[in-house]
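Start counting the sequence shown at 126; every next residue gets the next number (my numbering).
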Amino acid sequence: MEKRVESITRGTVLSDKAEEKLQEGVVTVDVVIPAFNEGSCIEGVLQDVVVARQDDWFQIQNIYVISGASTDQTNGIVQQMAARDRRVKLIRESERKGKHASINLAFSITDADVIVFIDADVRLASEDSITKLVQHFRGGNVAVVQGGLVRHRPGFTLNPAKQAAYFDWILVDKIRRRKAISWWSIDGRVMALSRDFYQRLVLLPSLADDQFIFYSCIQQGCQFVWADNAIFYYGPPESIADFSHQWSRYFFYTSKSRQYFGKDLIDGKMSVPGLRRTILSTFLLHPLCGLMWVLCYARSKIEFMLRVDFEKYEHGFFWTKSELLENLGKLPL
């Protein structure tokens with residue numbers, strides 16, 4: 126490993142303490158799971174993280190669940206897990222402030238070399254998922270690493286939300302492989318940040334957490350990596366309404382990001398050439414899923430124009446529900 130490791134900011138170097146740790150080959154990792162009433166799924170993702178394989182070059186020192194004033198069994202389940210593994214720690218917020226507040230709280234309590242955020246409704250594809258995610262930080266130059274999120278094929282179903290969601294994943298995956306850095310690259314379900322990067326971040330409630338992190342990384346000239354081999358599973362939205370809300374919320378926050386980061390970055394550098402052709406070619410390969418996607422997308426556009434739930438978006442309070450993932454070993458890709 127190089128004796129001098131470049132930091133994420135041009136012209137500077139890592140702190141002496143961080144550089145010494147990297148030279149020793151030991152990277153400390155804290156995993157953070159923001160949660161609000163995730164009693165149906167929190168045990169699954171926690172169990173995945175607890176048994177995740179570690180190597181001699183990195184160590185998961187803490188597994189924080191930041192509960193945003195949950196009122197279901199979330200807190201009890203986490204406490205039971207904490208009794209079995211000392212790394213698991215429950216942090217209870219007295220009131221619900223949104224995911225951005227949970228992330229900011231995580232920034233203030235951790236001093237790990239790398240902090241990994243995982244949504245509560247996500248599952249690890251294997252014991253090596255976290256290893257493959259954080260291995261990109263070994264060189265000391267990377268600021269943000271995003272996990273390789275996979276949504277399984279729905280098979281025969283009359284649920285249009287599942288069909289639309291699968292098409293959405295196929296489309297996003299195809300675009301990422303053509304252009305890794307674009308506004309289609311953003312997905313905050315699984316995201317890892319280096320300490321020198323996250324210590325300078327303070328998320329705002331009016332901006333999406335994943336967009337703010339991603340665009341801050343790009344704007345500062347930092348290195349972003351899409352770790353497509355670090356696979357994590359995530360489920361489809363439960364309903365058409367949930368799917369439409371996901372897109373209308375995206376439109377809302379992209380508009381806010383455009384104001385904050387500038388049109389040149391959002392509409393210029395982050396744009397995808399030939400986007401319509403890519404959508405059309407994907408539609409021809411998956412016509413049924415594509416049709417459901419078009420209908421849901423149109424609904425989300427209407428919701429955005431009617432300013433549906435804008436007040437909730439403004440304060441970062443709106444979370445959509447995803448279907449519970451079960452039988453992970455049998456998921457068809």
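Think of the CB as a built atom: it goes at the ideal place given N, C-alpha and C, for glycine as much as any other residue.
Out of the options, point me to the one whose CA is closest to residue i's CA.
{"i": "residue 413", "options": "321, 289, 303", "result": "289"}
{"i": "residue 274", "options": "282, 201, 361", "result": "361"}
{"i": "residue 317", "options": "419, 158, 258, 426", "result": "258"}
{"i": "residue 159", "options": "225, 298, 356", "result": "225"}
{"i": "residue 174", "options": "219, 161, 154", "result": "154"}
{"i": "residue 228", "options": "430, 192, 196", "result": "192"}
{"i": "residue 180", "options": "312, 151, 404, 438", "result": "151"}
{"i": "residue 210", "options": "172, 409, 216, 163", "result": "172"}
{"i": "residue 161", "options": "356, 208, 202, 307", "result": "202"}
{"i": "residue 419", "options": "429, 404, 430", "result": "404"}
{"i": "residue 164", "options": "176, 196, 177", "result": "196"}
{"i": "residue 329", "options": "260, 250, 391, 385", "result": "385"}
{"i": "residue 398", "options": "267, 157, 308", "result": "308"}
{"i": "residue 431", "options": "376, 409, 387, 298", "result": "376"}
{"i": "residue 358", "options": "382, 157, 255", "result": "255"}
{"i": "residue 337", "options": "355, 401, 356, 380", "result": "380"}
{"i": "residue 167", "options": "284, 298, 206", "result": "206"}
{"i": "residue 354", "options": "425, 302, 282", "result": "302"}
{"i": "residue 72", "options": "176, 411, 300, 156", "result": "With the chain covering only 126 through 458, there is no way to say anything about residue 72."}
{"i": "residue 178", "options": "282, 208, 249, 435", "result": "249"}
{"i": "residue 391", "options": "311, 366, 436", "result": "311"}
{"i": "residue 371", "options": "411, 435, 409", "result": "435"}
{"i": "residue 468", "options": "218, 411, 366, 396", "result": "Nothing can be reported for residue 468, as the shown portion of the chain is limited to 126 through 458."}
{"i": "residue 235", "options": "218, 214, 219", "result": "214"}
Under the assumption that residue i contacts residue j (Cβ atoms under 8 Å), give the Cβ distance between them as a whole number of angstroms.
{"i": "residue 212", "j": "residue 188", "result": "5 Å"}
{"i": "residue 199", "j": "residue 296", "result": "Actually they are not in contact, since the Cβ atoms of residue 199 and residue 296 sit about 33 Å apart, beyond 8 Å."}
{"i": "residue 433", "j": "residue 364", "result": "Residue 433 to residue 364, Cβ: 15 Å. No contact."}
{"i": "residue 237", "j": "residue 204", "result": "Wrong, their Cβ atoms sit about 22 Å apart, outside the cutoff."}
{"i": "residue 272", "j": "residue 315", "result": "3 Å"}
{"i": "residue 417", "j": "residue 292", "result": "7 Å"}
{"i": "residue 242", "j": "residue 346", "result": "Residue 242 to residue 346, Cβ: 22 Å. No contact."}
{"i": "residue 223", "j": "residue 440", "result": "6 Å"}
{"i": "residue 232", "j": "residue 323", "result": "5 Å"}
{"i": "residue 247", "j": "residue 216", "result": "Residue 247 to residue 216, Cβ: 19 Å. No contact."}
{"i": "residue 319", "j": "residue 268", "result": "5 Å"}
{"i": "residue 349", "j": "residue 343", "result": "6 Å"}
{"i": "residue 332", "j": "residue 382", "result": "6 Å"}
{"i": "residue 438", "j": "residue 378", "result": "7 Å"}
{"i": "residue 157", "j": "residue 252", "result": "About 19 Å separates the two Cβ atoms, so there is no contact after all."}
Taking buried to mean at least 16 other C-beta atoms within 10 Å of its own C-beta, is residue i buried or exposed?
{"i": "residue 245", "result": "buried"}
{"i": "residue 448", "result": "buried"}
{"i": "residue 85", "result": "It is not possible to answer for residue 85, since the shown part of the chain is limited to 126 through 458."}
{"i": "residue 169", "result": "buried"}
{"i": "residue 415", "result": "buried"}
{"i": "residue 270", "result": "buried"}
{"i": "residue 394", "result": "exposed"}
{"i": "residue 335", "result": "buried"}
{"i": "residue 194", "result": "exposed"}
{"i": "residue 427", "result": "exposed"}
{"i": "residue 276", "result": "buried"}
{"i": "residue 450", "result": "buried"}
{"i": "residue 388", "result": "exposed"}
{"i": "residue 369", "result": "buried"}
{"i": "residue 321", "result": "buried"}
{"i": "residue 286", "result": "buried"}
{"i": "residue 135", "result": "The pLDDT assigned to residue 135 is 30, lower than 50, so where the model puts this residue is not dependable; a value taken from the coordinates is nonetheless given after this. With fewer than 16 other Cβ atoms within 10 Å, it is exposed."}
Across which residues does DSSP place residue i in a beta bridge pair?
{"i": "residue 218", "result": "193"}
{"i": "residue 185", "result": "154"}
{"i": "residue 213", "result": "188"}
Is the closest heavy atom of the ligand FAD to the C-beta of residue i under 7 Å?
{"i": "residue 249", "result": "With respect to the ligand FAD, the structure shown offers nothing to examine, as it has no ligands at all."}
Looking at chain B, is there any beta carbon in it that lies within less than 8 Å of the beta carbon of residue i?
{"i": "residue 275", "result": "Included in the structure is just one protein chain, with no chain B present."}
**Report entry** Runs of beta strand (DSSP E) wholly within the stretch 150-181 (minimum 3 residues, chain order)
**Finding:** 152-160
Report task. Within the stretch 223-290, note down every full beta strand (DSSP E) run reaching 3 residues or more, in order along the chain. Result -> 239-243, 247-249, 267-275
**Report entry** Segments of 3+ residues assigned as beta strand (DSSP E) that fall wholly inside the stretch 292-380
**Finding:** DSSP runs (the beta strand (DSSP E)) wholly in the stretch 292-380: 315-319, 348-359.
Requested in this report: For the stretch 381-448, list the alpha helix (DSSP H) runs that are entirely contained and at least 4 residues long, ordered along the chain.
Outcome: 400-410, 412-430, 435-439
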